[in-house]
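Here the sequence shown stands for residues 5 to 792, where the numbers follow the numbering used here.
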Amino acid sequence: MKNKVLAQCILLLFFCVSAYAQNRHTVSGYVKDQSNGEGLIGVSVYVREAETGVVTNPYGFYSLTLPEGNYTLVFSYIGYQKVEKTANLDSDKTVSIEMSDESTDLQEVTISTQKEDENVKSIEMSVNKVEMKTIRKMPALLGEVDLIRSIQLLPGVTSVGEGASGFNVRGGDISQNLVLLDEAPVYNSSHLFGFFSVFNPDAVKDVKLIKGGIPSLYGGRISSILDVRMKEGNAKKREINGGIGSIFSRLTYEQPFAKGKGSFIVAGRRSYIDVLAKPFLNSDLKDSKFFFYDLTAKVNYKIGEKDTFFASGYFGKDVFGGGDFGFGWGNATATARWNHVFSNKLFMNLTGYYSNYDYNLGQNQNKPDAKDRFDWKSKIISTSIKPDFTFYITPNNQLTFGGQYIYYDTRPGKAIAVSEGENTDISLEPRYADESALYIGNEQKFGDKISLQYGLRYSYFRSLGPGTEYDYLEIEKGQRKYPAFPGNTYKKGDVIKSYGNWEPRASLNIGITKDASIKASYNRTAQYLHLLSNTAASSPLDVWTLSSTTILPEKADQVALGWFQNFSNNMYEASVEVYYKKLYNQIDYVPGSELLLNEFVAGDLLTGKGRAYGAEFYLKKNKGKLTGWVSYTLARTERLVETINNNDWFPARFDKPHNFTSVAIYEMRKRLSLSANFTIMSGTPATFPTNRYDYQGWPIANNYNGLRNNNRIPAYHRLDLAATLKSKKKLFNSGQGEWVFSIYNVYNRRNPFSVYTRANEDTPLKTEAVRYSVIGSMIPAITYNFKF
């Protein structure tokens with residue numbers, strides 16, 4: 005019934021705006037890169053006579069409806085030459101253009117390709133865009149460009165430490181970020197336990213992180229959206245690029261086909277630590293495996309003037325093990341999209357995707373005749389269909405609406421244990437669910453000073469049979485709950501439990517001057533998928549589970565307020581944002597909880613609430629020889645769970661009150677650029693003992709007050725340096741090459757990942773604190789990149 009009401013509202017608004025006044029005409033088209041034919045995202049299309057304009061959508065499409073007359077369209081994009089086109093709007097017109105790069109000028113080096121004053125004029129707030137051109141110049145671990153590690157240098161973004169998977173945004177854990185690769189969700193964004201991301205930089209076109217003011221078209225997570233768009237492939241000429249590094253190599257191939265109507269890109273990476281180390285491994289380790297690889301591909305084809313088809317996919321694996329033991333994990337995604345222009349005012353993007361994250365752990369997995377064997381496999385699969393519509397009513401009014409349907413198939417554990425030839429099946433039954441949503445949003449400008457974006461999303465989740473659900477008996481508060489037998493058995497197609505949530509969204513921009521604005525936003529979000537992890541940092545083997553009769557959907561409300569300012573003809577941009585977020589139905593764990601292969605895992609879970617609040621300061625230099633940014637975040641992230649910490653608020657595992665980062669890129673000469681990153685932040689919270697007992701000569705640590713996260717490990721700080729030197733000579737008479745020299749952790753800081761206490765080996769009655777560091781030394785690296 006609720007879905008029907010929302011659908012009727014969408015239709016009513018659509019027909020109302022369709023009755024729009026006569027004697028007005030629409031100019032629309034696509035804006036593309038002249039060098040490769042890629043659609044350009046966020047190009048400013050300004051109408052000089054009307055003093056209004058729009059920006060291109062993620063496919064480079066724009067539309068403007070104006071009174072009949074003669075107009076000058078100005079297309080501008082930092083890093084590209086400005087283009088002006090005249091249009092006589094005596095009827096609807098199509099004006100598509102291609103924009104070319106500006107000539108290289110050391111006085112006008114830029115680190116952004118977005119609209120110059122977008123940070124002030126745009127309705128978006130709590131949004132960061134980092135161009136791949138910038139990411140490639142920044143210092144990186146082992147010289148390898150990495151998207152996830154780069155966004156951790158932005159305000160409001162942290163991680164629990166080196167070697168930790170994922171990232172944390174404004175008080176959320178890693179599972180509360182929706183990571184999209186061409187609109188398909190990626191459940192684990194890391195290779196090699198968090199040291200590298202799954203995104204091949206040579207195949208990435210655009211990166212956008214949304215921390216607040218989330219538009220209504222996004223749903224499913226409560227903290228942030230990381231929207232990664234892949235390149236479409238060079239539609240002008242064949243192109244090959246790649247790199248040879250210290251730890252892995254990569255190769256990318258792009259080519260047009262069908263006389264420029266289509267193009268494709270294929271990109272692959274493979275690490276070779278195992279190959280380099282093999283000669284040095286002894287007989288016990290000679291069969292060790294430790295490597296990762298991935299393959300990314302995309303194809304697009306323009307069927308006609310109004311239709312374009314895209315298909316893209318990703319497949320990656322991490323493999324580790326030695327001797328008879330091994331484990332691994334991997335992501336696989338496939339996305340198909342159809343762009344259709346119904347009219348010069350109505351644009352549709354229809355997306356279907358498949359996403360599969362699987363992981364395994366075992367002993368003697370490939371020896372079916374072994375007397376002792378263990379084999380555990382788990383996966384989560386989601387498939388979806390998602391139609392999105394944009395209706396360009398006027399230059400001052402843009403309507404978006406659509407919906408989504410997702411089907412979840414989770415396999416928490418298919419496990420076989422063999423002992424002395426006896427098989428024991430300890431598998432867990434699969435879990436199924438679906439999630440549907442309808443949304444509508446409108447962006448409206450009131451004069452040249454005020455713009456408002458408002459929308460509503462309704463999400464509806466169903467836990468589906470077949471399956472067995474248990475009620476749980478609580479014997480003691482805060483302790484394990486026990487299932488009440490027999491459970492409730494459901495057949496295929498039965499609805500076990502359903503949840504529905506209204507998710508309002510709103511953002512406001514008030515222009516103070518032409519170079520300054522105040523922005524405010526509010527969003528409510530809901531999440532029906534949960535990651536269970538009670539370790540210091542999430543691991544690839546953590547369990548994804550669905551909302552059920554006993555596991556409630558997570559929800560969050562966030563408000564934000566900010567000041568945005570440009571200086572010196574947009575050479576500098578600055579912002580200050582404050583935010584407050586309330587989180588509901590946050591998951592915690594009973595003492596001694598068992599999360600793996602536990603049929604009654606719901607009995608080991610506790611539910612609480614959270615709050616996160618802070619201020620983010622950001623200063624960025626966009627032009628000149630020296631570019632970069634400085635950011636400082638002052639924030640707190642806390643949880644409240646009954647029976648934990650004496651029923652009082654306590655810091656979350658990823659709470660970091662102070663976080664300072666800086667990035668500097670200096671174009672020293674035409675062929676040489678230097679760069680540096682520096683970061684310093686508070687240490688993460690930890691629970692330390694307050695006293696001890698001595699039992700038969702051995703010390704036993706004790707937390708007398710029962711306080712959670714009652715201390716902090718030492719602060720984290722690190723300096724990285726890099727230099728990029730372009731080769732003088734052409735590669736194979738046509739290509740270009742460059743050497744990248746980098747030093748990670750320049751001054752050998754042993755940053756602690758964790759600190760724990762133990763009895764001294766020589767004097768058992770003496771206890772000591774032990775610092776565990778994942779990286780404790782300087783790491784130099786050399787990488788050679790090429791393009792031809």
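By construction, the Cβ of each residue, glycine as well, lies at the ideal position given by its N, Cα and C atoms. Only a predicted model underlies this, so the values are computations on that prediction, with no experimental measurement involved.
Test item: CB-CB of residue i and residue j under 8 Å
i: Phe790; j: Gly739; result: yes
i: Val99; j: Gly176; result: no
i: Glu478; j: Ser552; result: no
i: Val31; j: Ser48; result: no
i: Phe319; j: Ala340; result: no
i: Ile786; j: Asn527; result: no
i: Thr683; j: Thr398; result: no
i: His721; j: Ser686; result: no
i: Val303; j: Gly266; result: yes
i: Gly165; j: Ala690; result: no
i: Leu158; j: Leu230; result: no
i: Glu646; j: Gly612; result: yes
i: Glu447; j: Ile127; result: yes
Delimiting residues of the alpha helix (DSSP H) encompassing residue i
i: Arg153; result: 151-155
i: Glu122; result: 122-125
Beta-bridge pairing of residue i - partner residues as DSSP gives them
i: Leu536; result: Val547
i: Met103; result: Asp37
i: Gln408; result: Ala441
i: Ala719; result: According to DSSP, Ala719 bridges with nothing at all.
i: Met352; result: His344, Phe393
i: Asn401; result: Thr398, Gln448
i: Gly266; result: Phe261, Tyr305
i: Asp724; result: Asn681
Interface flag, residue i vs chain B, CB-CB below 8 Å
i: Val208; result: Checking the listed chains, one finds no chain B in this structure; it contains a single protein chain.
DSSP-derived helix/strand/coil call for residue i
i: Met136; result: helix
i: Thr108; result: With a pLDDT of 43 at Thr108, under the threshold of 50, the modelled position of this residue cannot be trusted, and the question is left open.
i: Gly223; result: coil
i: Gln118; result: With a pLDDT of only 45 at Gln118, under 50, the local geometry of the prediction cannot be trusted, and the value read off the model is given with reservation. Reduced to three states, the DSSP call for Gln118 is coil.
i: Val778; result: coil
i: Gln180; result: helix
i: Ala207; result: helix
i: Phe19; result: Annotation note: pLDDT 48 at Phe19 (below 50); position unreliable, coordinate value reported separately. Helix.
i: Asp608; result: helix
i: Gly198; result: helix
i: Gly147; result: helix
i: Val47; result: coil
i: Ile277; result: helix
i: Lys141; result: helix
i: Gln700; result: coil
i: Gly471; result: strand
i: Glu243; result: strand
i: Pro159; result: coil
i: Gln483; result: coil
i: Asn360; result: strand
i: Leu68; result: strand
i: Asn764; result: coil
i: Gly83; result: coil
i: Glu558; result: strand
Residue interval of the beta strand (DSSP E) (run including residue i)
i: Thr90; result: 87-93
i: Ser386; result: 377-398
i: Trp633; result: 630-645
i: Trp653; result: No beta strand (DSSP E) holds Trp653; DSSP gives it neither H nor E.
i: Met234; result: 228-234
i: Leu299; result: 293-306
i: Asp311; result: 311-326
i: Glu42; result: Element bounds for Glu42: n/a, residue is neither H nor E.
The ligand MN heavy atom lying under 7 Å from the CB of residue i
i: Met672; result: The model on display carries no ligand, and the ligand MN is accordingly not part of it.
Does the count of Cβ pairs from the stretch 455-463 and the stretch 496-507 closer than 8 Å reach three? yes
Sufficient close CB pairs (3 or more, under 8 Å) joining the stretch 585-601 to the stretch 126-136: no
Please confirm if the stretch 180-189 is in contact with the stretch 483-501, defined as three or more CB-CB distances below 8 Å between the two stretches. no
Measuring CB atoms only, is the stretch 573-581 touching the stretch 595-607, in the sense that at least three cross pairs come out at less than 8 Å? no
Could you tell me whether the stretch 750-757 touches the stretch 780-790, where touching means 3 or more Cβ pairs closer than 8 Å? yes
Segment contact flag, the stretch 409-424 with the stretch 540-559, C-beta cutoff 8 Å, min 3 pairs: yes
Does the count of Cβ pairs from the stretch 391-405 and the stretch 366-379 closer than 8 Å reach three? no
Three CB pairs or more closer than 8 Å across the stretch 561-568 and the stretch 479-486: no
Count the C-beta pairs between the stretch 147-155 and the stretch 200-211 that are closer than 8 Å, then say yes if the count reaches three, no if not. yes
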